[in-house]
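Everything on this sheet refers to the single structure shown next.
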Amino acid sequence: MATLKEIAAEAGVSISTVSRVLKGDTSLQVTSKTRDTIFRVADSLGYQRKKAPTPSEMNQSPVTITVYVPFTYLESTSLKETMRGIELYCISEGFLVKTIHHAPGNFPYDTNDVFTIYLERAIEIEDAQKDNSEKFTKNTRTITHSVQIDESYALRQWCTPEMPSTVVFSSMTSSRVRDSVRDLEAKGRIKEVIQCPRDDAAESYQTTMRLLSAAQRPERIIYGNQLLALGGLRAFFDKGVQPGHETKVACLHGDANARFMLPSLTVQEMPYRLAGELLVKNLFTSDETDEFQRKIILTPKIHWYASWKEFD
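Quick note on numbering: UniProt numbering labels position 92 of the sequence shown as 92, and the sequence is numbered without any gaps.
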């Protein structure tokens with residue numbers, strides 16, 4: 001059966017566009033001609049499209065994704081968006097999603113579900129680790145730790161004279177960030193400042209593609225918010241470049257109430273909804289998923305745990 005990569009090459013579009021069109025994503029802005037071309041090429045190459053699952057088919061699904069969500073953070077924007085990404089992917093694949101609310105730090109270890117995801121704040125996950133629960137240690141693995149820091153501080157930490165960064169932001173970026181960017185640029189700690197005319201993922205996608213196509217790629221790219229980061233990361237994937245290797249990537253904006261950045265240059269923040277989608281997707285495509293892609297599924301504000309038994 002034809003792969004998405006083969007269809008994309010034949011149709012002259014990106015792999016992500018092929019994937020979204022074949023899944024019936026109506027929010028994707030492409031022409032009807034492009035959609036028709038993708039379907040025609042897919043059919044000619046023998047690609048077998050999945051039918052959208054009916055509610056009854058979903059209820060009969062043998063696979064259940066259980067997500068444990070702490071009561072304290074039910075209204076968190078980042079948690080809601082991550083959950084939405086999880087739900088969107090599960091709906092498209094016909095998996096059943098079961099959400100269980102629990103008290104922070106109180107993880108229900110005894111479960112017979114095949115795949116389990118824990119969403120929790122980093123500080124309380126660290127507290128839970130101190131319980132020295134043998135079962136907890138055996139069945140789960142920590143990917144990274146996250147911290148909350150001011151975005152201006154984050155910029156000063158990231159942008160050094162030895163390795164200046166490229167900063168991509170929009171007119172929607174806070175004035176405090178813009179002031180910090182100008183100050184650091186004047187001090188030679190920022191190599192290039194790119195302002196997207198619109199706060200738009202498509203705009204950031206085109207900008208990032210241009211940066212990655214240059215003879216000398218930037219060593220670091222910092223995006224002003226998650227929308228710009230989403231477009232930028234899509235460009236990395238479509239270009240076949242792994243962010244975090246040759247080019248480090250970060251995003252300044254966490255949610256409406258605070259700003260977050262990870263201090264490590266080898267770990268990236270993912271836009272929350274995309275993080276949720278990839279988190280579940282990778283549970284079912286471990287043979288096609290490398291270590292980097294597993295590590296990239298995180299956000300600074302939400303820490304997730306999953307059973308890694310299937311990967312060991």
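Glycine included, C-beta positions come from ideal geometry on N, C-alpha and C.
Look at A2 here: in three-state DSSP terms it is coil, with no helix or strand label. Here T17 is buried. Its C-beta has 16 or more other C-beta atoms within 10 Å. In its chain, beyond the 5 residues on either side, V18, I38, V41, A42, L45 and Y47 have a beta carbon closer than 7 Å to the beta carbon of I7.
Taking C-beta atoms as the reference points, L230 and A201 count as a pair closer than 8 Å.
Just so you know, the alpha carbons of S165 and L233 end up roughly 16 Å apart. Distances from the alpha-carbon of L211 to those of V241, R198, G188 and D199 put V241 closest. No residue range can be given for K23, since it is assigned to no alpha helix (DSSP H) and is classified by DSSP as neither H nor E. Judged by their CB atoms, L28 and I15 are not nearer to each other than the 8 Å cut-off.
Here the alpha carbon of A11 sits roughly 44 Å from the alpha carbon of D179.
Cβ neighbours of E185 within its own chain (closer than 7 Å, five residues either side excluded): V193. Here G188 is exposed. Its C-beta has fewer than 16 other C-beta atoms within 10 Å. Note that the C-beta distance between T208 and F236 is below 8 Å. Annotation: the continuous beta strand (DSSP E) that includes Y223 extends over R220 to Y223. Separation of E219 and M163 (C-alpha to C-alpha, rounded to the nearest whole angstrom) is 7 Å. When the Cα atoms are used, A214 and T247 turn out to be separated by approximately 12 Å.
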